[in-house]
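Residue numbers (the numbering used here), protein chains in the order written: chain A, 11 to 405; chain B, 11 to 405. Below: one structure, written as structure tokens.
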């Protein structure tokens, strides 16, 4: 097992009615004037905005709105938030929304404490995060896990490139997770969120060094299994509290710092890398891009690293209950189950069906590997990426 | 799913050579004079003491020793530590050892900030923990999980009763987990530690309300499975780094605050309660008492709550790979596997073999239920407890 560190300082208040902890928690972390960051207004339609502001008003905590944060949040939205925060002399950021809103709020939290442009603070920038405003989240859509991790993804101005921002200062101070807040999430986004969480686990599972990490592998398998069981329940009944609760907690656990990739050789999240290029070019929903890429990526990787057939077989058996005793066959069945799972979640069948143009595949492969090869079990260079995109195009 | 909160602020540095983080981590939390708390001197024999003090000396951090902390730590040892800390004007406690040492250090951390006697601060006492000295741990024996939780168990003066101390202030600021530090733990204690960790998971698994907690159940199953796989490897080769690493991380995860009992109806840790009485009366190793109680407790509970047969069956299949399709039979096979596992770990076969006198069973049952019935799937009163002890006596 490789060395690792574990650190998850966020307090989670999970369950019905946990919004009651909002005001006292903000005060606990010194917040006296809050910037409320949110998206396109669905929280106004479903009553969450009113419930949140009511809690703030009852406690006498003033707030200003930073609304209109878009999916795949563009840096312009982050800059807008930084300006609002400064103009209004806020000292606390409360993100109310899903992954995009929380990710944007993290970048704002770092940006308000930095003199230069916030793009400098991205992982590929020249700046350094030396401080951040305290932030917290109220989750209204499960999937990204941003509510319990220290990272975010922001869309830059050049070619809509995705940039990562990450620092321990960016852990939310607290996150309020009320499964009932996700009842009104549209089916498409609920299912995309389920696959996003599932894919985070895949990215941490199929990683070199997994021979020595039974604890991480086996906890991961359990978590994936819980998503496979509960996502169809959410599909069947969007107001199934326990199913929503399991999906919400699984999504958070998938990214929490005890990290299922901890102790392995490290992953650069190749499926996410390839998916981000699809989102950049077509503004596709993140979880959908992952569902489109995952089966082809896994099948291609298995061909490249037959020595990891045992891992694919364990995955098949322990996540999907495949009973085949022969490893090579079990491994194939497991990948087929992933594909089947994406279809259960009503994801598009392939890139073609999702509206991707075949003549863009080369460009996508080029961009996905422009900083070098990706991959977690074996290197994926441009040619490999192109083959994966090709298979995903019409499989 | 029931509401819950999640909070685990401890930073873990896991792996070979992580002791290198010691001095900087102490300074990060403001430590300028350290009280080094440890047990009977095994850390001097195996070189860990020298390695730790070398790190402190290199960094110019003064320290004083608080040695001789005993297993099932008596409150006298805690009081001694409080006195040493105060006399020497320390401002940081570093526990180097296993669960007993870390538990005692937690009580010391609370006690040094309290004017009255430390026993007041136990869960059944009249005092309140309003502050605690910063403490950290260097783990030298896996099992209790005290390195990543906020509780401890102290043996009182009256009848050697076990008392719990618990508060968020008592989370270690950081814990250094180097699996190589556990290579020299004697077989008996290594195996008792494995079962202790396993039993923490059992206590969180067989709890009312498990119908709605797939995430917690399935992660728990994975973690139990990792212990079942790796404990025999430690037995076969005490210097198997990866096996020791898996046991160490599984033990920590078993008690970390994301809590496999979170979202259930709550457990009062009945097996621990019944085991503590054995430790109190016979000064038995904690993990051994659990191995003696668990199979009988599970079998008896299953008889009482046949409506939870599905949970016992899931346990059998997902932890021990039982393939029986009929739930009632699978459930029985799972319990038999637990018993078999205790014997694999070379635990005594029954209470009789462990030296317990048959005429003490009534007293044990009386003590275990003196504050009311225990049990997590159904109430266990004195008569139930007596029947469980009886079965454990000669099964």
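No residue lacks a Cβ here, since even glycine has one placed at the ideal position from N, Cα and C. If you're wondering where the values come from, they're calculated on a predicted model, not measured in any experiment.
Residue-chain proximity (residue i, chain B), Cβ-Cβ < 8 Å
| i | result |
| --- | --- |
| residue 320 of chain A | no |
| residue 250 of chain A | no |
| residue 18 of chain A | yes |
| residue 317 of chain A | no |
| residue 195 of chain A | no |
| residue 38 of chain A | no |
Helix, strand or coil at residue i according to DSSP, with G and I counted as helix
| i | result |
| --- | --- |
| residue 193 of chain A | coil |
| residue 300 of chain A | helix |
| residue 162 of chain A | strand |
| residue 23 of chain A | strand |
| residue 124 of chain B | coil |
| residue 319 of chain B | helix |
| residue 390 of chain B | strand |
| residue 361 of chain B | coil |
| residue 270 of chain A | coil |
| residue 285 of chain A | helix |
| residue 351 of chain A | helix |
| residue 17 of chain A | strand |
| residue 102 of chain B | strand |
| residue 141 of chain B | coil |
| residue 41 of chain B | coil |
| residue 107 of chain B | strand |
| residue 92 of chain A | helix |
| residue 384 of chain A | strand |
Residue i versus the options, residue with shortest Cα-Cα distance
| i | options | result |
| --- | --- | --- |
| residue 323 of chain B | B:301, B:279, B:227, B:233 | B:227 |
| residue 69 of chain B | B:51, B:82, B:55, B:43 | B:43 |
| residue 347 of chain A | A:165, A:334, A:187, A:330 | A:330 |
| residue 60 of chain B | B:370, B:191, B:136 | B:191 |
| residue 175 of chain A | A:131, A:137, A:389, A:184 | A:131 |
| residue 86 of chain A | A:128, A:62, A:108, A:95 | A:128 |
| residue 105 of chain B | B:237, B:93, B:76 | B:76 |
| residue 108 of chain B | B:50, B:214, B:143 | B:50 |
| residue 375 of chain B | B:396, B:385, B:365 | B:396 |
| residue 225 of chain A | B:233, B:350, B:177 | B:233 |
Alpha-carbon spacing of residue i relative to residue j, whole angstroms
| i | j | result |
| --- | --- | --- |
| residue 296 of chain A | residue 276 of chain A | 22 Å |
| residue 204 of chain A | residue 360 of chain B | 47 Å |
| residue 82 of chain A | residue 211 of chain B | 39 Å |
| residue 377 of chain B | residue 151 of chain B | 29 Å |
| residue 117 of chain B | residue 282 of chain B | 19 Å |
| residue 320 of chain A | residue 337 of chain A | 6 Å |
| residue 230 of chain B | residue 153 of chain A | 21 Å |
| residue 90 of chain A | residue 134 of chain A | 21 Å |
| residue 428 of chain B | residue 155 of chain B | Residue 428 of chain B is absent from the structure shown; chain B starts at 11 and stops at 405. |
| residue 291 of chain A | residue 88 of chain A | 20 Å |
| residue 56 of chain A | residue 33 of chain A | 21 Å |
| residue 393 of chain B | residue 372 of chain B | 9 Å |
| residue 136 of chain B | residue 164 of chain B | 16 Å |
For residue i, the residue or residues it bridges with in DSSP
| i | result |
| --- | --- |
| residue 76 of chain B | B:47 |
| residue 84 of chain B | B:165 |
| residue 335 of chain B | In the DSSP output, where bridge partners are listed per residue, residue 335 of chain B has none listed. |
| residue 172 of chain B | B:165 |
| residue 306 of chain B | The partner list for residue 306 of chain B (beta bridge, DSSP) is empty, contrary to what the question assumes. |
| residue 52 of chain A | Per DSSP, none; premise fails for residue 52 of chain A. |
| residue 184 of chain A | A:21 |
| residue 146 of chain A | A:104 |
Proximity test, Cβ basis, 8 Å: residue i and chain A
| i | result |
| --- | --- |
| residue 24 of chain B | yes |
| residue 12 of chain B | yes |
| residue 233 of chain B | yes |
| residue 255 of chain B | yes |
| residue 239 of chain B | yes |
| residue 159 of chain B | no |
| residue 201 of chain B | no |
| residue 224 of chain B | yes |
| residue 236 of chain B | yes |
| residue 156 of chain B | no |
| residue 34 of chain B | no |
| residue 263 of chain B | yes |
| residue 340 of chain B | no |
| residue 21 of chain B | yes |
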